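K.L.:
Pasting a structure here, questions to come.
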Ligand code: FRU
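Numbering (UniProt numbering), first residue to last: 1 to 481.
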């Protein structure tokens, strides 16, 4: 048996061995993408091809920790019902022996091309990084072509996560990098045939321009055209907290600007965080066949209490966010759950005109652990409105302070922790709750808070409170598995 087959068999055995344990976890998610066993991190190779959405993911089948990553694979016709397709890539070859790290997919001449980082480490922990190509006829089985990009001068071996696209008949690749003097950077390559790549240089960061003092490493870049601008999404490491910003261990956000393909130049503005919750990192987008720009994020942050999640007792860790459609409105990215997610709704909505006052309030029929809540026409002229979930997660909007807060009981030490951002006015909320995750979309996706949290499994309560009378139109749907 060769190494690839050996790794595949060992991983499938792991799934079999722990399937029951994973399924019995009360914190197992009902409608989010999660690993069958082990640890899942970044979304990879997200693409729609001949009608089918393919979502690959960073996967460690053997433990709930990081290590020599595989690419796992899910497929879907509708972004709602996902089928596990098994293993796409195993870290079997010399150029990827310590992990088939993150990357992207592109349809070319009837085949699926995936570009990923081959991570290699020696006994002393010295790293090598190769950008590799694998090609597939059916989207399931991959033929590895090996490295197509070697590490250029000027960067450390923290050089990874190629995102490839076609524009005006040419091919482009952005890579997350660290310069020799330890600055985070996004590096551009070009190609005419997807095999021979030319190093152009740094297009964002590198200790210059609007991102002058901006951390020591950028991961998972993604550059795309949207609503008249070119948006560069990436995940910087090494930012210090700044007011309400940057409180997670690492960040994920974007800049907007103009990418001139002919001149291979990118002029951009300042950085904005994509999400204001506790758990969001390494997002990746694709343009689907309807022309929508859709994003998946990883619902976690590296090195942020990862080993303290209670799900590791059930031999699994982490999940994806819901798929979100992106729009650019007045230079800001809006994210809204894709319309297809309405298919998750089970039965009719509970619908009410609600008025909340100083007394703690339950709204009849509004409870549960896998549900969608919609609050529209929120009438909150002063004071605050709070909604708590399962007694251990809470959102609060203070009209007086113009601040939106998400709180949770930390799964590390039980202490209440919070994340915040400025929100001038609260018009509407769309909330997705899924046993141990929450995604809150504010004002049609202008702001998003994404977090894991762990209410006690039989506490399905949802409580509303306000400092003075607040009214809104409420809808609640139970969501299916
Ligand atoms: C981001 C990341 C990527 C890397 C991958 C490894 O979470 O660190 O930079 O390719 O995860 O799993």
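From the three backbone atoms N, C-alpha and C, an ideal C-beta is built for every residue, glycine too. Just so you know, these numbers come straight off a predicted model, no measurement behind them.
Is it the case that the Cβ atoms of residue 434 and residue 30 are separated by a distance below 8 Å?
P.N.:
The answer is yes: Cβ separation under 8 Å.
K.L.:
For residue 24, which residues from the same chain have a beta carbon less than 8 Å from its beta carbon, with the 5 sequence-adjacent residues on both sides left out?
P.N.:
Contacts found: 314.
K.L.:
Please check the pair residue 174 and residue 264, which I expect to be a contact at CB under 8 Å, by giving their CB distance rounded to whole angstroms.
P.N.:
About 11 Å; that fails the 8 Å criterion.
K.L.:
Flag residue 290 as yes when its Cβ comes closer than 7 Å to any non-hydrogen atom of the ligand FRU, and as no otherwise.
P.N.:
It does not: the Cβ of residue 290 is nowhere closer than 7 Å to a heavy atom of the ligand FRU.
K.L.:
Mind checking whether the beta-carbon of residue 176 lies closer than 7 Å to any heavy atom of the ligand FRU?
P.N.:
Because some heavy atom of the ligand FRU lies under 7 Å away, the Cβ of residue 176 counts as near it: yes.
K.L.:
Say the cut is 7 Å; is the CB of residue 102 nearer than that to a heavy atom of the ligand FRU?
P.N.:
Residue 102: yes, Cβ under 7 Å from the ligand FRU.
K.L.:
Enumerate in chain order the residues of its own chain whose CB-to-CB distance from residue 95 is below 7 Å, with the five nearest sequence positions on each side excluded.
P.N.:
For residue 95, where only same-chain residues beyond five positions count, the Cβ hits under 7 Å are 118, 120, 130, 132, 146, 147.
K.L.:
Quick test of the definition: if touching needs 3 or more C-beta pairs under 8 Å, does the region 99-107 touch the region 63-73?
P.N.:
Yes, the region 99-107 touches the region 63-73.
K.L.:
By how many angstroms is the C-alpha of residue 59 removed from the C-alpha of residue 158?
P.N.:
When rounded, the distance between both Cα atoms is 19 Å.
K.L.:
For residue 411, collect the residues of the same chain with a Cβ closer than 8 Å to its Cβ; drop the 5 residues on either side in sequence, then sort them by chain order.
P.N.:
Counting only Cβ-Cβ distances below 8 Å, and skipping sequence neighbours, we find 305, 308, 309, 310, 452, 453, 454.
K.L.:
Are residue 259 and residue 295 touching if we call contact CB-CB under 8 Å?
P.N.:
Contact flag unset, no.
K.L.:
Quick check on residue 519: does DSSP put it in helix, strand or coil?
P.N.:
No answer is possible for residue 519: it lies beyond the span of the chain, which begins at 1 and ends at 481.
K.L.:
Rounded to whole angstroms, what's the CA-CA distance from residue 464 to residue 382? Just pull it up for me.
P.N.:
Each residue's Cα considered, the two are about 16 Å apart.
K.L.:
Would you decide whether residue 48 is buried or exposed? Buried here means 16 or more other CB atoms lie within 10 Å of its CB.
P.N.:
Buried, since its Cβ has 16 or more Cβ neighbours within 10 Å.
K.L.:
Does the region 283-299 touch the region 36-50, meaning 3 or more C-beta pairs lie closer than 8 Å?
P.N.:
Enough Cβ pairs lie closer than 8 Å, so yes.
K.L.:
Would you kindly report the start and end of the unbroken alpha helix (DSSP H) that includes residue 16?
P.N.:
From DSSP, the alpha helix (DSSP H) with residue 16 extends over 3-23.
K.L.:
Please return the same chain residues whose Cβ sits closer than 7 Å to the Cβ of residue 242, not counting the five positions on each side in sequence.
P.N.:
Excluding positions up to five away in sequence, the list is empty.
K.L.:
Is the closest heavy atom of the ligand FRU to the C-beta of residue 73 under 7 Å?
P.N.:
False, no ligand heavy atom lies under 7 Å from that Cβ.
K.L.:
For the putative contact between residue 466 and residue 385, defined by C-beta atoms under 8 Å, what is the C-beta separation to the nearest angstrom?
P.N.:
Contact flag correct, Cβ pair sits at about 5 Å.
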